[in-house]
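Q: Protein chains in written order, with the working numbering: chain A, 427 to 718; chain B, 12 to 151. Where a beta carbon is used, it is the ideal one built from N, C-alpha and C, also for glycine. As the structure is a computational prediction, the values presented were derived from the model and not from experiment. Got a structure for you, questions after.
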Amino acid sequence: MTSWIWHNISLELPDDWEMLQFANNPERGRIAFADRYDFRMELSWRKTNARPDLDGMVKDYHSHLLHELEHEDVDTLKNTSWTGLQSSRDGKVATRFMQHFDDAGFLVEIVFRWADQRDERLEDDVLNSLYVENSAVSKKRNWKCFGLDMELQSEFELSEINALPASVVMDFGVGKKDKATVRAERRGLTDFWLKCSISDWLIQQLPSPPKKIETSRVNRWGHEIIRIKGFMPFGSGWGKIFRRQEFESIGWICPHDRRFYSLRRLNRPSKASYFGSEGFKLSCCPNCSATL
Amino acid sequence: MKRKKQAQQALSVDVATIWRRMMESRVLLNERIHADRNIASKVRVSVPLRRPGFLVPPISWFIKPRERKTLQLDPLGSEVFSLIGACRTVGEIVDRFAEKHRLTFHESRVSVTQYISHLVDNGIAVVAMPKETSKEDAAT
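Dropping the structure here:
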């Protein structure tokens, strides 16, 4: 099983289920996972102000499936903490579950689409592994998706994600107009695109040429982690002389999956730094994690 | 609302069918292409061009169209091109590409199908889809 954490929703899924659809709204959204044959699970979440009437929702959904979507064999299901329904259509069985997480104030709905028969054991494993972390309480926020395993300061929100085959770039920001940003990347097929040293590549990715750079490297369990740190001019015209933007980047290739991992932080010129002392952590495998 | 939901449901059913048919499809190379490899293992393919219909005498006496076009495939495209000869189905190409580059199934599927579509667009290959079996056929 593989762990996934998306917008504070944590769950474990079979290794061959991949996230093919996702939403970036922390208050309301949907993600969908597929194996090599079909979509297998859809998860949707919604921030709530009060606990909804789950039994009433299931009842409404029951009649909706039966009368409007023309599903057959609609039965009510009860897991320890989940309320659900089972139905079938065109010989395909689907199970739906919902639970309200009172602490976090989230309603989570899950739909499993089974290939042949319902796998109750797998269903239980997934449902029992799912929890929603209360972001108001914790200072850290974890993300586990697309092979990236990150630990960020909780005030950093996901602002943009660019997920392509074998290339994922996630941008997080804080403050007005993203005063401070953190970028996490994971890229495969390194032999085909990484034609320079890792430090050179990290420098090339900066928004403008740096004025000062310090480079260091550390070897951790066979992972050679390159770190660059410095500042670059910020703004335009005369402002460039006086204003500067600090940056720090780390990058390495994991010897286990031969993928390139990098983490970068940029701080816009301001009196206060948006980066606390907690730091940001990116892990590629159980053997290696690096902190900014 | 109801129509939208039904459309969504129909769409998700189609995804499974589309994927399955795509994975079972065969990629066949154009028999009239010439392919060679350079030192960097990149494949260069020469593809015959169709003679335009308006080229009839006396226009054809003056206008001599190109008979072939040459395409230089990038390293990944070259690899997919090589796999087409070695594999029977798109699914096999996807699996071997994923295994070689340590990609997940869907990462490999999207990459490989993009390259195959590029080859098809340029007349280098064609994709032979399996016949769609109806539910009655499948049952018997």
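Tell me whether L615 (chain A), by its Cβ, gets closer than 7 Å to a heavy atom of the ligand ADP.
A: In the structure shown, the ligand ADP is absent, as is every other ligand, since no ligand is present at all.
Q: At 8 Å on the CB atoms, spell out the chain A contacts of L87 (chain B), in chain order.
A: Within 8 Å Cβ-Cβ: L615, F618.
Q: Any C-beta of chain B within less than 7 Å: which residues of the stretch 668-684 of chain A qualify?
A: Result list: D683, R684.
Q: I'd like the list of long-range same chain contacts for R454 (chain A), defined as Cβ closer than 6 Å, with 5 residues on each side in sequence excluded.
A: The answer, listed in chain order, is R472.
Q: Just to confirm my understanding: we take V519 (chain A), look at its own chain, exclude 5 residues before and 5 after, and list those with CB closer than 6 Å. What are they?
A: The residues are W540, R544.
Q: How is the beta strand (DSSP E) around M140 (chain B) delimited, first residue to last?
A: Careful: M140 (chain B) lies outside any beta strand (DSSP E) and carries neither H nor E.
Q: Distance check for R694 (chain A) and K605 (chain A), CA to CA, integer angstroms please.
A: Cα to Cα, K605 (chain A) sits roughly 5 Å from R694 (chain A).
Q: The stretch 95-118 of chain B: which residues have C-beta closer than 7 Å to a C-beta of chain A, in chain order?
A: Cβ contacts with chain A come from H112, R113, L114, T115, F116, H117, E118.
Q: To the nearest angstrom, how far is the alpha carbon of M467 (chain A) from that of V552 (chain A)?
A: Roughly 10 Å separates the two Cα atoms.
Q: Identify every run of the alpha helix (DSSP H) within the stretch 497-580 of chain A, keeping only runs that are complete inside it and at least 4 residues long; order them along the chain.
A: Runs found: 546-555.
Q: Note down, in chain order, every chain A residue with its Cβ under 9 Å from the Cβ of S71 (chain B).
A: The contacting residues do not exist; S71 (chain B) stays about 44 Å from chain A at best.
Q: What does the alpha-carbon distance come out to for the pair T616 (chain A) and S585 (chain A)?
A: Cα-Cα distance, rounded: 26 Å.
Q: Would you please verify whether the beta carbon of V137 (chain B) is less than 8 Å from any beta carbon of chain A?
A: V137 (chain B) does not count as touching chain A.
Q: Helix, strand or coil for W647 (chain A), going by three-state DSSP, please let me know.
A: Coil, per DSSP.
Q: Give me the residue from B:V131, B:F65, B:D85 with the minimum Cα distance to K53 (chain B).
A: Of B:V131, B:F65, B:D85, the residue nearest in Cα terms is B:D85.
Q: Count the other CB atoms, across all protein chains shown, that sit within 10 Å of the CB of F73 (chain B); report buried if there are 16 or more and exposed otherwise.
A: By the 10 Å Cβ count, F73 (chain B) comes out exposed.
Q: For L503 (chain A), which of A:E672, A:F523, A:M658 has the nearest alpha-carbon?
A: Closest option to L503 (chain A), Cα to Cα, is A:F523.
Q: Where are the beta strand (DSSP E) runs, 3 residues long or more, that stay fully inside the stretch 608-686 of chain A, in chain order?
A: Whole beta strand (DSSP E) segments, 3+ residues: 638-646, 649-659, 670-679.
Q: Taking only three categories from DSSP, how would you classify H45 (chain B)?
A: Correct three-state label for H45 (chain B): strand.
Q: Under three-state DSSP, which class holds P59 (chain B)?
A: Note: P59 (chain B) maps to strand in three-state DSSP.
Q: Quick one: measure Cβ to Cβ for R623 (chain A) and E438 (chain A), integer angstroms, because I've assumed they're closer than 8 Å.
A: Per the sequence presented here, residue 623 (chain A) reads as Ser, with Arg not at that position. With 8 Å as the limit, S623 (chain A) and E438 (chain A) do not qualify as a contact, their Cβ atoms being about 37 Å apart.
Q: Under 8 Å Cβ to Cβ from W500 (chain A), same chain only, skipping five residues before and after it: list those, please.
A: Looking at the sequence shown, residue 500 (chain A) is not Trp but Val. Cβ neighbours of V500 (chain A) beyond the five flanking positions: H488, L491, L492, L511, Q512, S513.
Q: Does DSSP classify E78 (chain B) as helix, strand or coil?
A: DSSP places E78 (chain B) in coil when its eight states are reduced to three.
Q: Can you give the beta carbon distance from V484 (chain A) to T509 (chain A), rounded, assuming they're within the 8 Å contact cut?
A: About 5 Å separates the two Cβ atoms, so the contact holds.
Q: Three-state secondary structure (DSSP) at C710 (chain A)?
A: In the structure shown, C710 (chain A) sits in a strand (DSSP, three-state: E or B).
Q: Quick one, which residues of the stretch 35-47 of chain B are near chain A if we go by CB-CB under 7 Å, in chain order?
A: Hits within the stretch: zero.
Q: Cβ atoms of F657 (chain A) and R646 (chain A): under 8 Å apart, would you say?
A: Cβ distance not < 8 Å, so R646 (chain A) and F657 (chain A) don't count as in contact.
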